[in-house]
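To start, the structure itself, in structure tokens.
2 protein chains.
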Amino acid sequence: MEIITSSKNEKIKNITALLSSKKERDKQGLFVIEGLRIFQDTLKTAPGFIRDIYVSESFLKEHPEEDILFENNGSIRIITVKDSVFNSISQTVTPQGVLCTVEKPEHTLEEILGGTKFLILENIQDPGNLGTMLRTAEAAGVSGIIMSRDCADIYNPKVIRSTMGSVFRMPFVYVQDFTEALRRIKGHGITVYAAYLHGGEAVSGVQFDKKCAIMIGNEGNGLTDGAVAEADKRVFIPMAGQIESLNAAVAAAILMFHGIA
Amino acid sequence: MEIITSSKNEKIKNITALLSSKKERDKQGLFVIEGLRIFQDTLKTAPGFIRDIYVSESFLKEHPEEDILFENNGSIRIITVKDSVFNSISQTVTPQGVLCTVEKPEHTLEEILGGTKFLILENIQDPGNLGTMLRTAEAAGVSGIIMSRDCADIYNPKVIRSTMGSVFRMPFVYVQDFTEALRRIKGHGITVYAAYLHGGEAVSGVQFDKKCAIMIGNEGNGLTDGAVAEADKRVFIPMAGQIESLNAAVAAAILMFHGIA
């Protein structure tokens, strides 16, 4: 059995590269998940996407290799790593001792537009917000997420952590030309509702169409004028107090649970 | 004019202590806010709470002292700090060059219970979640927040950042005895709705009472059995997909905007 004992090992260096660099993730078509919960989730939901499993020696002592192999039918490579080396690549304070390289799930806009309920995101920057939005979208019954290319990278380890496994269950796509994508969405008979602070209808009074998309903009600036101009309707969330805006993931949640769930 | 040129200066060391230690914040009754936006917000909403203002030399060049004094009527001390020293205590990637020590706003449970709409939090651990909940609560029209003593510290710099200024406008209190506090809340004729994953009524069917409180539990474990037992009613948010729970701040937002706003 192969045991990696040095953090200078090529495989370990590659994991560090996949964790830190979007460019590297794009080039290899791979990303990294870490932790027992998401590992088990992935084995259940998307075993075909797992490439290599890295376990610490301590993890292997507590989880015999047969157990892991049993669940993954033996086709996936399991690589053992010295605890200190595992800890050096771990992104968590108390490493659980298991991480995997996983192939990126790929979806096209046309595939996604076969659904009926959508979330459209323009330039969402905070990885925690993006992950929370994926998780909330799954809970609200969204069929797919369409993102402008300047949104944060879903495969960023911080996003992956906050999706709680939704990354394999919620179809999503980054589009190169956002305006053109909005037009194609509308071309499918989908009504686009823009979350907008300055005017439009209060969300409580809006009866969302059966085929609909909720569109949310950047954390600091909201949607661009161009995106708002393409929307069919504008909705806002009435706010008390001196609050100027809600957290983007919170606003998305309120709109999705009103209009979609 | 006093200029601090060393990070070994006692005042600078004290700011570091206030930023990193809850114990120190409790002892001194002070906390730290950083950034132009929250500084201006505080000058407007709660100028009486500001103790000292620390500005970097660069900040002072762009914002003449008269401007700052004019707004704060001259009663607050302004201390200039060398840029490199300011950057060493800053909690942000691109420091704006202004931070303040501020007195903690203090509220009692009785004061808070004069309102009609409440958020009750048990053992919320994530600073970002807690800050987002304060901000969302203000937007939803909540009159006050009651927290178990094991919730994260609101004066933690990460919480302060995500409250976006709500910390001065939203009354809150940490209670020593959570069960006793719940009984006092109910004694005021306030109906307590527990967010509960396992049973109760779906939120969309619930007509929340006029005087009501929404109670949210810990991120990983939800509410304790003891807290649920004290609640008048249990509500849940129906979820699609394979999601086991929502992010705590998202769940709180959906319930507050359904039951309170």
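Chains C and S, in that order, give the protein sequences.
Everything in the first sequence is counted per my numbering, starting at 1 for the first residue and increasing by one.
Everything in the second sequence is counted per my numbering, starting at 262 for the first residue and increasing by one.
For glycine and all other residues, C-beta sits at the position ideal for the given N, C-alpha and C.
Checklist entry - Hey, quick one: how far does the beta strand (DSSP E) through ALA512(S) stretch, first residue to last? => result Sequence index remark: in the second sequence, residue 512(S) carries index 251 (1-based). Run containing ALA512(S): none in the beta strand (DSSP E); it sits in the alpha helix (DSSP H), 509-520.
Checklist entry - When Cβ atoms are compared, which residues of the segment 381-410 of chain S fall closer than 7 Å to chain C? => result GLY389, THR393, ARG396, THR397, GLU399, ALA400, ALA401 and GLY402
Item to check | Contact with chain S by MET239(C), beta-carbon distance below 8 Å | outcome: The count along the first sequence starts at 1 and reaches residue 239(C) at position 239. Yes, its Cβ sits closer than 8 Å to a Cβ of chain S.
Next on the checklist: One question on the structure: do ARG396(S) and TYR435(S) come within less than 8 Å of each other, judged by their Cβ atoms?
Outcome noted: In the second sequence, counting from the first residue as 1, residue 396(S) sits at position 135. In the second sequence, counting from the first residue as 1, residue 435(S) sits at position 174. Cβ atoms of ARG396(S) and TYR435(S): not closer than 8 Å.
Checklist entry - Does the beta-carbon distance from PHE168(C) to ILE146(C) come in below 8 Å? => result Counted from its first residue, the first sequence places residue 168(C) at position 168. Counted from its first residue, the first sequence places residue 146(C) at position 146. It is not a contact, given that the beta carbons lie outside the stated cut-off.
Checklist entry - Can you name, in chain order, every residue of its own chain whose Cβ lies under 8 Å from the Cβ of LYS22(C), other than the five neighbours on each side? => result As a working note, residue 22(C) is residue 22 in the first sequence. Taken in chain order, the residues that qualify are ASP153, TYR155 and ASN156.
Next on the checklist: Using only the alpha-carbon positions, how far apart do LEU43(C) and ASN129(C) sit?
Outcome noted: Taking the first residue of the first sequence as 1, we reach residue 43(C) at position 43. Taking the first residue of the first sequence as 1, we reach residue 129(C) at position 129. Cα to Cα, the separation comes out at about 25 Å.
Checklist entry - Listing by chain order, which chain S residues have their CB less than 8 Å from the CB of LEU246(C)? => result On the first sequence, position 246 is the one that residue 246(C) refers to. Within 8 Å Cβ-Cβ: ARG396, THR397, ALA400 and ALA514.
Item to check | Whole-angstrom distance between HIS258(C) and GLU244(C), CA atom to CA atom | outcome: As a position in the first sequence, residue 244(C) is number 244, starting the count at 1. As a position in the first sequence, residue 258(C) is number 258, starting the count at 1. Those two C-alpha atoms are separated by around 21 Å.
Checklist entry - Taking the C-alpha atoms as reference points, what is the distance between ALA400(S) and ILE12(C)? => result Residue numbering aside, residue 400(S) sits at position 139 when the second sequence is read from its first letter. Residue numbering aside, residue 12(C) sits at position 12 when the first sequence is read from its first letter. Going from the Cα of ALA400(S) to the Cα of ILE12(C) covers about 46 Å.
Next on the checklist: Just to confirm the assignment, what range does the alpha helix (DSSP H) spanning VAL346(S) have?
Outcome noted: Within the second sequence, the letter at position 85 stands for residue 346(S). Per DSSP, VAL346(S) belongs to the alpha helix (DSSP H) from 344-350.
Next on the checklist: Is there a C-beta anywhere in chain S that falls below 8 Å from the one on GLN242(C)?
Outcome noted: Here residue 242(C) is taken as the residue at index 242 of the first sequence, counted from 1. Chain S contact via Cβ: present.
Next on the checklist: Strictly below 9 Å CB to CB, what residues from chain S border ARG169(C)?
Outcome noted: Taking the first residue of the first sequence as position 1, residue 169(C) is located at position 169. Going along chain S in sequence order, the residues near ARG169(C) (Cβ under 9 Å) are GLY502, GLN503 and ILE504.
Checklist entry - How about TYR454(S) and ALA501(S): are their beta carbons less than 8 Å apart? => result By one-based count along the second sequence, residue 454(S) stands at place 193. By one-based count along the second sequence, residue 501(S) stands at place 240. In this structure, ALA501(S) does not lie closer than 8 Å to TYR454(S) by Cβ.
Checklist entry - For a contact meaning CB atoms closer than 7 Å, what does VAL250(C) contact in chain S? => result What you label residue 250(C) is simply residue 250 of the first sequence in a count that begins at 1. By Cβ distance, chain S contributes THR393, THR397, ALA510, VAL511 and ALA514.
Item to check | Touch test, the segment 31-38 of chain C against the segment 93-105 of chain C, Cβ-Cβ under 8 Å, three pairs minimum | outcome: yes
Checklist entry - Quick one: complete beta strand (DSSP E) runs, 3+ long, within the segment 393-472 of chain S? => result 405-409, 433-436 and 452-456
Item to check | the segment 414-440 of chain S: positions lying closer than 8 Å to chain C by Cβ | outcome: SER423, MET425, GLY426, SER427, ARG430 and MET431
Checklist entry - When we look at the beta-carbon of ILE3(C) and count the other beta-carbons within 10 Å, is it buried (16 or more) or exposed? => result Residue 3(C) sits at position 3 when you count from the first residue of the first sequence. Exposed.
Checklist entry - Near ASP470(S), which residues of its chain fall below 6 Å by C-beta distance, leaving aside the five closest residues on each side in sequence? => result Translated into the one-based positions of the second sequence, residue 470(S) becomes position 209. Result list for ASP470(S): THR452, in chain order.
Item to check | Reduced DSSP secondary structure (H/G/I, E/B, other) of LEU99(C) | outcome: Locating residue 99(C) in the first sequence gives position 99, where the first residue counts as 1. Looking at LEU99(C) - three-state DSSP - the assignment turns out to be strand.
Item to check | CB contact check: ALA522(S) to chain C, cutoff 8 Å | outcome: For the purposes of this step, residue 522(S) is taken as the residue at position 261 of the second sequence. Chain C contact via Cβ: present.
Next on the checklist: Assuming the contact rule is C-beta atoms closer than 8 Å, GLU219(C) and ILE89(C) should be a hit. Round their C-beta distance to whole Å, please.
Outcome noted: Residue mapping note: residue 219(C) aligns to position 219 of the first sequence, counting from 1. Residue mapping note: residue 89(C) aligns to position 89 of the first sequence, counting from 1. Actually they do not touch by this definition, with Cβ atoms about 29 Å apart.
Item to check | Three-state class that DSSP yields for SER20(C) in the structure shown | outcome: Your numbering for residue 20(C) matches position 20 in the first sequence. Note: SER20(C) maps to helix in three-state DSSP.
Checklist entry - Between the segment 50-59 of chain C and the segment 178-185 of chain C, are three or more C-beta pairs nearer than 8 Å? => result no
Item to check | Rounded straight-line distance, which links the Cα of MET133(C) to that of GLY199(C) | outcome: Here residue 199(C) is taken as the residue at index 199 of the first sequence, counted from 1. Here residue 133(C) is taken as the residue at index 133 of the first sequence, counted from 1. Going by the C-alpha atoms only, they are around 24 Å apart.
Item to check | Minimum Cβ-Cβ distance from PHE31(C) to chain S less than 8 Å | outcome: By 1-based counting over the first sequence, the position of residue 31(C) is 31. No, its Cβ sits nowhere closer than 8 Å to a Cβ of chain S.
Next on the checklist: Give me the chain B residues within the contact set of PHE49(C), using Cβ-Cβ distance strictly less than 9 Å, ordered along the chain.
Outcome noted: Among the protein chains of the structure shown, namely C and S, there is no chain B.
Checklist entry - For chain C, is any of its Cβ atoms less than 8 Å away from the one on PHE518(S)? => result Within the second sequence, the letter at position 257 stands for residue 518(S). So yes, PHE518(S) belongs to the interface.
Item to check | Cβ neighbours of SER58(C) in the same chain (closer than 7 Å, five flanking residues each side left out) | outcome: Taking the first residue of the first sequence as position 1, residue 58(C) is located at position 58. So the qualifying residues of the chain are ASP83 and GLY97.
Checklist entry - With 16 other CB atoms within 10 Å as the buried threshold, where does GLU383(S) fall? => result As a first step, residue 383(S) must be located in the second sequence, where it is residue number 122. It is buried - the Cβ of GLU383(S) has at least 16 other Cβ atoms within 10 Å.
Item to check | Strand pairing of VAL228(C), partner residues [DSSP] | outcome: What you label residue 228(C) is simply residue 228 of the first sequence in a count that begins at 1. DSSP lists no partner for VAL228(C).
Item to check | Close beta carbons around ALA510(S), own chain, < 6 Å, minus the five adjacent residues each side | outcome: Numbered from its first residue, the second sequence carries residue 510(S) at position 249. Around ALA510(S): ASN390, THR393 and MET394.
Item to check | Between the CA atoms of THR355(S) and ASP126(C) - distance to the nearest angstrom | outcome: Here residue 126(C) refers to the residue found at position 126 when the first sequence is read from its first residue. Here residue 355(S) refers to the residue found at position 94 when the second sequence is read from its first residue. Each residue's alpha carbon lies about 16 Å from the other.
Checklist entry - Can you tell me where the beta strand (DSSP E) with ASP52(C) in it begins and where it stops? => result Along the first sequence, one-based indexing puts residue 52(C) at 52. Note, ASP52(C): beta strand (DSSP E), 50-56.
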